[in-house]
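Input: a single structure, listed below in structure tokens.
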Amino acid sequence: GEDVEQSLFLSVREGDSSVINCTYTDSSSTYLYWYKQEPGAGLQLLTYIFSNMDMKQDQRLTVLLNKKDKHLSLRIADTQTGDSAIYFCALRPGGSYIPTFGRGTSLIVHP
Amino acid sequence: GAGVSQSPSNKVTEKGKDVELRCDPISGHTALYWYRQRLGQGLEFLIYFQGNSAPDKSGLPSDRFSAERTGESVSTLTIQRTQQEDSAVYLCASSSRTSGTDTQYFGPGTRLTVL
Chain A
1 GEDVEQSLFL
11 SVREGDSSVI
21 NCTYTDSSST
31 YLYWYKQEPG
41 AGLQLLTYIF
51 SNMDMKQDQR
61 LTVLLNKKDK
71 HLSLRIADTQ
81 TGDSAIYFCA
91 LRPGGSYIPT
101 FGRGTSLIVH
111 P
Chain B
1 GAGVSQSPSN
11 KVTEKGKDVE
21 LRCDPISGHT
31 ALYWYRQRLG
41 QGLEFLIYFQ
51 GNSAPDKSGL
61 PSDRFSAERT
71 GESVSTLTIQ
81 RTQQEDSAVY
91 LCASSSRTSG
101 TDTQYFGPGT
111 RLTVL
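Okay, structure coming up:
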């Protein structure tokens, strides 16, 4: 099955850019998602990208997909303290409705 | 419009007792998922319901776990004879299945603690 890896922690200064990385093993993943989980809350979909895309930009968020290296990243520009949360990448093959989630990266933003 | 709701928000139980967790999906969402999130871990898929089709139970960790869904509405996840390793946050999500992206909307979860 799919294996999805993320680093566990990222610490950045307010105003800097944050880059959260995700690597995966299954090249058949068609849909690739980034979710945000704030303390005590469920997951909230931030953005997604299709496997036939290399990049997607949505306001402060930029998703980059390198299919050759099986690497997905989420860049948050001008990171704010409100961005502090756990970020999960999730991947889903086109023939399945069940995504595989990474363990999540805890983003800590300090003044 | 209301989002996905789950109850209770917290449940503390003694080892060996049965527990029932409830999920109310977004109205009209045909797909419903249950996940388990252990501390510091990713989401572990448990079970998936889609309309009137037979559920995909491939993620249930043991026969102590079961889930039901009434039509396209409420779902309950039952854990019998709870063990300490069942302690986790149980998350429910629903989706409308009207787009290829199949965006899942998550509830806030039920935090289960087995003493």
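As given, the protein sequences belong to chains A and B, one line each in that order.
Okay, so the first sequence: first residue is 1 according to our numbering, each after it adds one.
Okay, so the second sequence: first residue is 1 according to our numbering, each after it adds one.
Cβ coordinates follow ideal geometry from the N, Cα and C atoms, glycine included.
Inset, instruction - Starting from residue 41/A, find everything on chain B with Cβ-Cβ shorter than 7 angstroms and list it in chain order. - result: Stepping through the first sequence from its first residue, residue 41/A is reached at position 41. Those are 108, listed as they occur along chain B.
Inset, instruction - Pull up the DSSP beta-bridge partners for residue 68/A, would you. - result: The residue you call residue 68/A lines up with position 68 of the first sequence. Beta-bridge partners of residue 68/A (DSSP): none assigned.
Legend entry - Per-residue contacts from residue 16/B into chain A (C-beta, under 7 angstroms): Taking the first residue of the second sequence as position 1, residue 16/B is located at position 16. Those within 7 angstroms of residue 16/B in chain A number zero; the least Cβ separation is about 28 angstroms.
Inset, instruction - Check whether the stretch 11-30 of chain A touches the stretch 87-102 of chain A, counting contact only when three or more Cβ pairs, one atom from each stretch, lie closer than 8 angstroms. - result: The stretch 11-30 of chain A is in contact with the stretch 87-102 of chain A.
Legend entry - residue 38/B versus residue 86/B: straight-line alpha-carbon distance, rounded: Numbered from 1 along the second sequence, position 38 holds the residue referred to as residue 38/B. Numbered from 1 along the second sequence, position 86 holds the residue referred to as residue 86/B. For residue 38/B and residue 86/B, the distance between alpha carbons rounds to 9 angstroms.
Inset, instruction - Would you mind sorting residue 36/A into buried or exposed? The rule is 16 or more other CB atoms within 10 Å of its CB. - result: Counted from its first residue, the first sequence places residue 36/A at position 36. With 16 or more other Cβ atoms within 10 Å, it is buried.
Legend entry - Through-space distance from residue 87/A to residue 18/A, alpha-carbon basis: Here residue 18/A corresponds to residue number 18 of the first sequence, with the count starting at 1. Here residue 87/A corresponds to residue number 87 of the first sequence, with the count starting at 1. The straight-line gap from Cα to Cα measures roughly 11 angstroms.
Inset, instruction - Consult DSSP for residue 20/B and reduce its assignment to one of helix, strand or coil. - result: Taking the first residue of the second sequence as 1, we reach residue 20/B at position 20. It is a strand residue.
Inset, instruction - Alpha carbon to alpha carbon, how far is residue 91/B from residue 12/A? Give it in angstroms, no decimals. - result: Sequence index remark: in the first sequence, residue 12/A carries index 12 (1-based). Sequence index remark: in the second sequence, residue 91/B carries index 91 (1-based). Approximately 29 angstroms, taken between the alpha carbons.
Inset, instruction - With residue 93/A as the anchor, note down where its beta strand (DSSP E) starts and where it stops. - result: Position 93 of the first sequence, counting from 1, holds the residue named residue 93/A. Counting along the chain, residue 93/A sits inside the beta strand (DSSP E) bounded by residues 85-93.
Legend entry - Ranges of the beta strand (DSSP E) found wholly within the stretch 39-64 of chain B, counting only runs of at least 3: Counting only unbroken stretches of 3 or more residues, the beta strand (DSSP E) elements lying wholly within the stretch 39-64 of chain B are 43-50, in sequence order.
Inset, instruction - Find the nearest neighbour of residue 89/A within the set 38/A, 45/A and 81/A, judged by alpha-carbon distance. - result: Numbered from 1 along the first sequence, position 89 holds the residue referred to as residue 89/A. Residue 89/A has its Cα closest to that of 45/A, out of 38/A, 45/A and 81/A.
Legend entry - Backbone CA spacing between residue 83/A and residue 12/B [nearest angstrom]: On the first sequence, position 83 is the one that residue 83/A refers to. On the second sequence, position 12 is the one that residue 12/B refers to. Taking the straight line from one Cα to the other gives about 31 angstroms.
Inset, instruction - Out of 67/B, 7/B, 14/B and 15/B, state which residue places its alpha-carbon closest to the alpha-carbon of residue 22/B. - result: As a position in the second sequence, residue 22/B is number 22, starting the count at 1. Residue 7/B is the option with its Cα nearest to residue 22/B.
Inset, instruction - Out of 60/B, 81/B and 50/B, state which residue places its alpha-carbon closest to the alpha-carbon of residue 115/B. - result: Along the second sequence, read from residue 1 onward, the residue named residue 115/B stands at position 115. Checking every option, the nearest Cα to that of residue 115/B belongs to 81/B.
Legend entry - Residues near residue 111/A in its chain [Cβ-Cβ closer than 6 angstroms; skip 5 each side]: Along the first sequence, one-based indexing puts residue 111/A at 111. Cβ neighbours of residue 111/A beyond the five flanking positions: 14.
Legend entry - With 16 other Cβ atoms within 10 Å as the buried cut-off, status of residue 88/B: Here residue 88/B is taken as the residue at index 88 of the second sequence, counted from 1. Result: buried.
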